[in-house]
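Undergrad: Once you've had a glance at the structure underneath, I'll fire off some questions.
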Amino acid sequence: MDFVSTAIVVGVVVVLMLLGIGIVTNQLLRLRKYLNQAPPNQAPGDDGHGDPDSFA
Numbered sequence: 102m103d104f105v106s107t108a109i110v111v112g113v114v115v116v117l118m119l120l121g122i123g124i125v126t127n128q129l130l131r132l133r134k135y136l137n138q139a140p141p142n143q144a145p146g147d148d149g150h151g152d153p154d155s156f157a
């Protein structure tokens with residue numbers, strides 16, 4: 102009976118490891134897709150930051 106409980110524990114650990122690997126892989130693929138998207142159009146010469154003096 103000891104072998105059966107060991108097999109169950111090993112099976113649960115393997116399933117949890119596969120689930121964790123799947124979650125991490127999914128998040129990395131979503132991050133890659135997000136980073137590959139083109140940035141929104143900006144005016145030429147505009148670096149996306151406003152004039153720091155205008156916030157005073």
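Residue numbering for the sequence shown follows my numbering, starting at 102 and increasing by one per position.
We put the CB at the ideal spot given by N, CA and C, even for glycine.
1. Taking DSSP as the reference, what is the three-state secondary structure of M118?
2. Compute the Euclidean distance between the alpha carbons of I109 and G121, then round it to the nearest angstrom.
3. What is the DSSP secondary structure of Q128, reduced to helix, strand or coil?
TA: Reading off the structure:
1. helix
2. 18 Å
3. helix
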